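Engineer:
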Amino acid sequence: MEIDKLFIALFSLGGIAFTYWFFLMKPEEKAIEVKNNTIDVIVEGGYSPNVISIPKGKPTTINFFRKDPSSCLEEVVLGDFKIRKYLPLNQKVSITLTPQKIGEFDYTCGMNMFHGEIIVERS
Amino acid sequence: MTEIKESFPIKGTHCASCVRVTERALKKVPGVTEAVVNLATEKATVTYDSDSCTREQLADAVTKIGYRLELEEKGEELAQAEKQKELQLLRNKVILSLFLGGLILWGSFPGLMNTAPPLLHNFWLQLLLAIPVQFWAGSEFYKTAISAFKHRTSNMDTLVALGTTVAFVYSAFITIFPQAFMNLGVEIMPYFDVATIVIGLILLGRYFEAKAKAGTSGAIKKLIGLQAKTARVLRSSSVIPNKAQESQTTQSLKHHSGARSFHVGRDDKYVEIDIPIDQVEIGDILRVRPGEKIPVDGEIIEGESSVDESMISGESIPVDKTKGDKVIGATINKSGTFIYKAMKVGSDTLLAQIIKLVEQAQGSKAPIQRLADTVSSYFVPIVIMLAFATFGIWYIFGAEPVFLYAMLNTVAVLIIACPCAMGLATPTAIMVGTGKGAENGILIKDAESLETANKIDTVVFDKTGTLTKGKPEVTDVIRIKNHESSIKDEKGLLRFAASIEKGSEHSLAEAIVKKAEESKLVLSTVEGFNAIAGYGVKGIIGSKNVHFGNKRLMEREEIKIHKQVQDDIEKLENEGKTVMLLAVDKKLFGLIAVADTIKDTAKESVAVLKKKGIDVVMITGDNQRTANTIAIKVGIEKVFAEILPQEKEEIVKKLQGLESGIMIHDSRPHVVAFVGDGINDAPALATADIGIAIGTGTDVAIEAADITLINKDLRSVASVIELSQKTMRTIKLNLFWAFGYNIILIPVAMGLFYPFFHILLNPIFASVAMASSSISVVANSLLLKRVNLAKIKE
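Sequence order for the protein chains is A and B. Numbered by our numbering, the letters in the first sequence go through residues 4 to 126 in order. Numbered by our numbering, the letters in the second sequence go through residues -7 to 786 in order.
1. For A/Glu47, go through chain B and note every residue whose CB falls closer than 7 angstroms to its CB, in chain order.
2. Could you name the residues of chain A that B/Asp149 contacts, counting a contact when the two beta carbons are closer than 8 angstroms?
3. Output, in sequence order along the chain, the residues in the region 95 to 108 of chain B whose CB is closer than 9 angstroms to any CB in chain A.
4. Can you grab the Cα-Cα spacing for the pair B/Val29 / B/Val152, in whole Å?
5. Under 9 angstroms Cβ-Cβ, which residues of chain A neighbour B/Tyr370?
6. Rounded to whole angstroms, what is the Cα-Cα separation between B/Val649 and B/Asn147?
7. Starting from B/Val451, trace the beta strand (DSSP E) in both directions and tell me its first and last residue.
8. Assign A/Ile30 to one of two classes, buried (16 or more other C-beta atoms within 10 Å of its C-beta) or exposed (fewer than that).
9. Using beta carbons (cut-off 8 angstroms, strictly below), is A/Thr22 in contact with chain B?
10. Which bits of chain D does A/Ala34 rub up against, with CB to CB less than 8 angstroms?
11. Flag this pair as touching only if the region 763 to 776 of chain B and the region 418 to 426 of chain B have three or more C-beta atom pairs under 8 angstroms; answer yes or no.
12. Return the chain-ordered ranges of every beta strand (DSSP E) run that is complete within the region 316 to 383 of chain B and spans a minimum of 3 residues.
13. Look at the Cβ atom of B/Thr323, then the Cβ atom of B/Glu296, and state whether they are nearer than 8 angstroms.
14. So, using beta-carbon positions, are A/Phe68 and A/Ile98 closer together than 8 angstroms?
15. Please state the DSSP three-state secondary structure of B/Arg660.
16. Alpha carbons only, please: which of B/Arg721, B/Ser496, B/Lys455 and B/Leu513 is nearest the one belonging to B/Asp481?
17. Is there a Cβ from chain B that is less than 8 angstroms from the Cβ of A/Ile86?
18. According to DSSP, is B/Ala172 part of a helix, a strand, or is it coil?
19. Below 8 angstroms between beta carbons: does that hold for B/Ala741 and B/Ala758?
20. Could you say if the region 447 to 459 of chain B and the region 593 to 611 of chain B meet the contact criterion of at least three C-beta pairs nearer than 8 angstroms?
21. Quick one: what's got a C-beta closer than 8 angstroms to B/Pro739's C-beta in the same chain, skipping five residues either side?
22. Does the beta-carbon of B/Lys203 have 16 or more other beta-carbons within 10 angstroms, so that it is buried, or is it exposed?
23. Buried or exposed: which applies to B/Asp289, given that a residue is buried once 16 or more other Cβ atoms fall within 10 Å of its Cβ?
24. Sort A/Tyr50, A/Asp83 and A/Pro62 by Cα distance to B/Lys142 and report the nearest one.
25. Considering just the uninterrupted stretch of the beta strand (DSSP E) at B/Thr612, what are its terminal residues?
26. Return the chain-ordered ranges of every beta strand (DSSP E) run that is complete within the region 496 to 577 of chain B and spans a minimum of 3 residues.
27. Just the C-alpha distance for B/Val190 and B/Val712, rounded to the nearest angstrom, thanks.
28. Could you tell me whether the region 12 to 30 of chain B touches the region 45 to 58 of chain B, where touching means 3 or more Cβ pairs closer than 8 angstroms?
29. Tell me which residues share the same chain as B/Ile347 and place their Cβ nearer than 8 angstroms to its Cβ, disregarding the 5 neighbours each side in the sequence.
30. Using a beta-carbon distance cut-off of less than 9 angstroms, what residues from the region 101 to 121 of chain A approach chain B?
31. Tell me, please, which residues DSSP counts as bridged to B/Tyr59.
32. Looking only at its own chain, which residues have a Cβ that is under 6 angstroms from the Cβ of A/Ile122, when we skip the five neighbours before and after it?
33. Taking Cβ positions only, does B/Cys412 come closer than 8 angstroms to chain A?
34. If you compare alpha carbons, which of B/Thr517, B/Glu519, B/Val466 and B/Ser511 is closest to B/Glu502?
35. Tell me the DSSP bridge mates of A/Pro58?
36. I need the DSSP call for A/Phe67, collapsed to helix, strand or coil.
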């Protein structure tokens, strides 16, 4: 095999391996515990913090602040809590939850590409 | 001094320190006695003397410290304005990128370039034209892709950013270092047209998609728009010092609850004041004129009219209303003027509840979405891996010029992949479907209910209050003759029965008490009243033990029923009447027959359901004969009679096959919908696969029910099933299209068909396909708006 083809073959295989490792073997994030019943979540290329832990049975307010212009992130969907909210750019949108069930609940953008997680724990 | 407590939205506060600073600034305004800022709700609640300071002064004080106090709640309007601003910017980007991209395409596309001015053939000019498109119009792809990369995640923007960057960088290098590429034997041909047109077309797709998506949530906007903005409240004129203070200081008529006559005008007893809807309080007395919107829910205390409730119930015929009738906020008063008392305001009104329910349904996820959820979480990384593979395979095994083919096919793979269509396939259809239901007076609790309704094969109707009007009337009062008793005539019998039933909430009791009132009978005091669910009631009148209820109560109490009485009971029951027996001191004294009227839409509803191949079952606490008579009248063959309220749940379970001993005609488990009015049947509503509550019912019923028919139209049961079937068909078509599109076109873009058919996909066509795939999914969902639920009823 010619040297350029060998190089491209290695480049392609390396690219595939890197993509797999980088996106699909992401270590699990540590949950950020909500203090004072309120937490700010920045919406920019995903959700920061991505995993939050909230107590069962207590009202908790999540303030979403969307900085990302992508229309992908213009809605946040908390399907398990039956909430779909439009997030205007550069504005805070508050969602108050009083979870009644312990567990891990996924939330996503309107197109289901970006994911965050709410862990409901015993208060 | 006029002290007012008012809440204002506050903008810009992000922390506890902002809260303290804002509170301090507000408290410094002369006249403010209290100011509390809530960070979570972003609201400031201020108590102030309106003689000493104005709302504008409060706003100024907050503005001076760098935050914003809004004098008017914008909410939805603000979000809409922001959305409009974003759309405007997107439109500008589309126009610029397609214009500049078009010029580049004109100057570089084979065949077309011969007609272009020579200046456009210049690669440097093309680079210059491409820069604003790539880095301004396409900036949002970069912003999201980079932010996502930091989170080790990806989305469609990642693919577009990668694809267009490859095309742009390749073209820029060719323009800047042509000699180096010539030495490598690569043709000097930049592809700025690919980068720019792809960005322009994808942005155009997003623009149309945003427009179309706005249509999917149209039902909510329509419902919010129904809300009246102001209310005309009647206030006592004697306590209104001047017009400026009218809305805040006057004493409302609610303190004069005994008032019966109302006079309008400043010189009279009361004046009319227009106030914002959010200032209406429970107990306020309001006047509504013909053609006006009814502001909040309440009860008419004077006047009569006909009211158009179509916007809430979907029923097009106006409803006549008179004193004592309930009116619903946001409905339109057609003919007369009336005065009514506000009973529910703010978030408690029926309209607010409907909006909340529809919003919740639209925010929920349908089980069918799970597959798309799983696929889309792996989709983008897999496409990137396929793009790397495409590049390598084409470079190593592809046709000459290998580098060019490898690059263009890689770009095509990145551009054509469309995860958005998969993400939009289910929620857009659910949003349109639930909205369509709400427009027709059908409230669907969540997406799962809408999905399950599609599979219903058995509908169980509760009889009383559901198939019948639930307002029975006394038809026969029969005293048992030749009996030594203190009950001398039928009136005496009715008086005893009505006395003991006065404490009961059963609909039959209501009929008996009403009949006694019509006969102007004086009722006796009852001691030790006890309702025995499914049997009747008992109590003590004077010193006598009285039992009043069905035959089973008599059997339970071991009260003998003679043959003649048995015959009477049988005769009345054969006529579809419910017979109640009265026993005093364990001796039978007489019987009272009560009959209920079948609802106008019951027969039609059953016929439509049967036509759809659905088993229809009736369930009732009535005896078999009465039940059969009603069932025959409405066209139901399968009847469960003499069922105690708590047994309804068991029957539903048996039909579902969850318990042994399935009682229906076959042995297979069924998907069961239970239709009830919510009184006594909340457990059955909750147990059924789909619980359908008729009317606004009780709060318990709405909570237990999956679907509430606020239009009270039984034919809507068939509409629910039809709507569910149509929505599911749309979702399946959307998913088929979204998956099929990617499964077929990604291999085409990779060039897998090239060896056999010499088919390759130009990245520009890939972008057209990609943009149209999301739009087509949203557009297909919007087609659900055309479903005619009224026609289904026929």
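Even glycine gets a Cβ: it sits at the ideal position worked out from N, Cα and C. Given the structure is predicted, the values throughout are model-derived calculations rather than measurements.
Structural biologist: Well, looking at it:
1. Ser139
2. Ser73 and Cys75
3. Correct list: empty, as no residue qualifies.
4. So the two alpha carbons sit approximately 44 angstroms from each other.
5. Against chain A, a Cβ distance below 9 angstroms from B/Tyr370 picks out Phe26 and Leu27.
6. Note that residue 649 of chain B is Gly in the sequence shown here, rather than Val. CA-CA distance, B/Gly649 to B/Asn147, rounds to 44 angstroms.
7. Taken as a continuous stretch (DSSP letters only), the beta strand (DSSP E) holding B/Val451 covers Thr450 to Asp454.
8. Before going on, a small fix: residue 30 of chain A reads as Pro here, not Ile. The residue in question, A/Pro30, is exposed, as its Cβ has fewer than 16 Cβ neighbours within 10 Å.
9. Yes, because at least one Cβ of chain B sits closer than 8 angstroms to the Cβ of A/Thr22.
10. The chain inventory of the structure shown lacks chain D, comprising the protein chains A and B.
11. yes
12. Runs of the beta strand (DSSP E) inside the region 316 to 383 of chain B: 330 to 336.
13. no
14. no
15. coil
16. B/Leu513
17. Closer than 8 angstroms to some Cβ of chain B, the Cβ of A/Ile86 qualifies, so yes.
18. helix
19. yes
20. yes
21. Cβ neighbours of B/Pro739 beyond the five flanking positions: Phe745.
22. exposed
23. buried
24. A/Tyr50
25. Neither: B/Thr612 is in no beta strand (DSSP E) and is coded neither H nor E.
26. 518 to 524, 528 to 533, 536 to 541 and 570 to 576
27. 43 angstroms
28. yes
29. Here the set comprises Ile212, Leu215 and Ile216.
30. Asp109, Thr111, Cys112, Gly113, Met114, Asn115, Met116, Phe117 and His118
31. According to DSSP, B/Tyr59 bridges with nothing at all.
32. Ala34, Ser56 and Glu107
33. For B/Cys412, the answer is yes, since a Cβ of chain A falls inside 8 angstroms of its Cβ.
34. B/Val466
35. A/Glu124
36. strand
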